[in-house]
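Working notes, structure below.
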Ligand code: ACO
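In the working numbering, the protein residues as written are 6 to 432.
See the structure below:
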């Protein structure tokens, strides 16, 4: 099949078909409005491809996720977050010397400008860290005005390294500010995840030794979050970038999009939900009955996905990491037990089976973060650190491919033309 035919009354409109490397097909409607005056309407972009991309492949029916062709399971087991970041951004796994150079250059950018630290003092201690991270990420462009030139490949490359290097520092400072502790400078002898843990939990008055098992678990979590093709925040980064906004501004918009509870904010919502169930003293079954009652307006957070209509492969890997981390920390497993009980019931319940609702990446990740000691409000920030290489890779791919400004159309349903009634006569 190379083209589709759309019948409009007695006129046949031929539309080309596009085929991807995994055999997925799309009808190319770019000329539809020109030929017919019609547009397509697809609220929530459920059925709309916004671009062609060579970064990430998802088969939601079969629970498959691959970055640049490599299965997520293999990358989680045999790679590191910075290696995966290199893969996503450059398209190929690095050689040892390429990886060493990449790590070295990122390590050299981990510090924030001293004046940058002053921003934090202006935020209330109670500020949500996602708001702080979005604001400070956008503010990076005030310190690096050269980054405003999106056509200079060298500037863009430095910008990507600054982002990857500084986001953990930005995030840890947001936490330290909220609890009134001194900021900890990065320690460039440590790996990416270990350095973040130290900046989060160390204080200047005591030695702090990073638990390498926990650092490894965090590194795996970051890998699992690193990209997920055209999700809400990545699409936001592309849309903002399509106006030729710089990378810092585009990534800041991605952070804001990720914040919502239907997207990255779900990991925070899951823990709050489990704690609520525990506090109320109700069983998992009773809570699921509430979820199934549509009038309650309650959703089972961490369940369901726009693309996965089968197990989210990331959820399987995270569930395993979750058990390992809790065992390592000799942590109580109450919330994990409750989550597993809910999962078990839901997977056999007609409501969830019919709608193909499975645990997603967020169902177990919050339990790990909590066991490590990450405060609930920081969960989505961790997601943002993980997703950053994906956002960068998509922004760069769009620039390499060439693009037009993203500008959807609409069907207007408001009032037709009318006269202004003088104010005294309006009722
Ligand atoms: N709990 C209960 N019912 C659900 C859930 C849920 N978590 N998710 C979907 N449904 C039901 C809907 O009520 C709807 O039922 P209906 O057909 O009787 O009306 C049906 O399943 C389809 O749901 P939609 O909302 O149309 O699915 P959509 O693809 O638009 O939404 C989403 C996907 C937002 C992820 C949804 O499943 C949800 O809200 N899940 C909970 C929040 C969550 O975990 N988000 C994280 C997603 S993963 C990520 O962003 C990293």
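Beta carbons: idealized from backbone N, C-alpha and C, even for Gly.
Spatially closest choice to residue i from the options, by CA coordinates
i: residue 122; options: 144, 132, 103; result: 144
i: residue 389; options: 338, 116, 139, 215; result: 139
i: residue 244; options: 310, 408, 275; result: 408
i: residue 277; options: 87, 303, 165; result: 303
i: residue 362; options: 296, 412, 263; result: 296
i: residue 124; options: 344, 178, 116; result: 178
i: residue 339; options: 165, 428, 376, 168; result: 376
i: residue 94; options: 403, 214, 410; result: 403
i: residue 347; options: 29, 307, 337; result: 307
i: residue 260; options: 364, 136, 333, 341; result: 136
i: residue 191; options: 184, 172, 182; result: 172
i: residue 53; options: 316, 320, 30; result: 30
i: residue 146; options: 250, 8, 353; result: 250
i: residue 305; options: 23, 267, 370, 51; result: 267
i: residue 364; options: 55, 320, 397, 337; result: 320
i: residue 236; options: 393, 427, 431, 280; result: 393
i: residue 269; options: 238, 151, 290; result: 238
Host beta strand (DSSP E) of residue i (start-end)
i: residue 31; result: 30-32
i: residue 19; result: 16-24
i: residue 72; result: 69-72
Contact set for residue i: own chain, Cβ-Cβ below 7 Å, skip 5 residues either direction
i: residue 4; result: Shown here, the chain extends from 6 to 432; a query on residue 4 therefore has no answer.
i: residue 2; result: The displayed coordinates of the chain run from 6 to 432. Any statement about residue 2 would go beyond what the structure contains.
i: residue 85; result: 224
i: residue 27; result: 62
i: residue 227; result: 86, 198, 390, 391
Chain-order list of residues whose beta-carbon lies under 8 Å from that of residue i (same chain, five-residue window excluded)
i: residue 208; result: 186, 187, 189
i: residue 400; result: 242, 243, 246, 252, 255, 256
i: residue 174; result: 115, 116, 117, 191, 204
i: residue 7; result: 21, 22
i: residue 316; result: 68, 363, 364
Helix, strand or coil at residue i according to DSSP, with G and I counted as helix
i: residue 329; result: helix
i: residue 308; result: strand
i: residue 184; result: helix
i: residue 158; result: helix
i: residue 173; result: helix
i: residue 417; result: coil
i: residue 75; result: strand
i: residue 99; result: coil
i: residue 394; result: helix
i: residue 364; result: strand
i: residue 248; result: coil
i: residue 46; result: coil
i: residue 317; result: coil
i: residue 432; result: coil
i: residue 234; result: coil
i: residue 114; result: coil
i: residue 408; result: coil
i: residue 189; result: coil
i: residue 399; result: helix
i: residue 109; result: helix
i: residue 336; result: coil
i: residue 267; result: coil
i: residue 164; result: helix
i: residue 53; result: coil
i: residue 370; result: helix
i: residue 324; result: helix
i: residue 211; result: coil
i: residue 27; result: coil
i: residue 58; result: coil
Endpoints, alpha helix (DSSP H) assigned at residue i
i: residue 62; result: No alpha helix (DSSP H) contains residue 62, which is instead part of the beta strand (DSSP E) from 61-64.
i: residue 8; result: Unbroken run through residue 8 is the beta strand (DSSP E), 8-13; no alpha helix (DSSP H).
i: residue 280; result: 271-285
i: residue 200; result: 197-206
i: residue 136; result: 134-148
i: residue 426; result: Per DSSP, residue 426 belongs to no alpha helix (DSSP H) and is neither H nor E.
i: residue 300; result: Counting along the chain, residue 300 falls outside any alpha helix (DSSP H), and DSSP gives it neither H nor E.
i: residue 215; result: Premise fails: residue 215 is in no alpha helix (DSSP H) and is neither H nor E.
i: residue 383; result: Segment: none, residue 383 is in no alpha helix (DSSP H) and carries neither H nor E.
i: residue 357; result: 355-359
i: residue 122; result: 122-127
i: residue 194; result: Run containing residue 194: none; DSSP gives neither H nor E here.
i: residue 40; result: 37-41
Cut-off 6 Å between Cβ atoms - residues of its own chain near residue i, not counting five sequence neighbours on either side
i: residue 44; result: 38, 414
i: residue 98; result: 92
i: residue 381; result: 273, 276
i: residue 65; result: 312, 313, 314
i: residue 61; result: 72, 232, 234
i: residue 282; result: 292
i: residue 384; result: 272, 273, 371, 374
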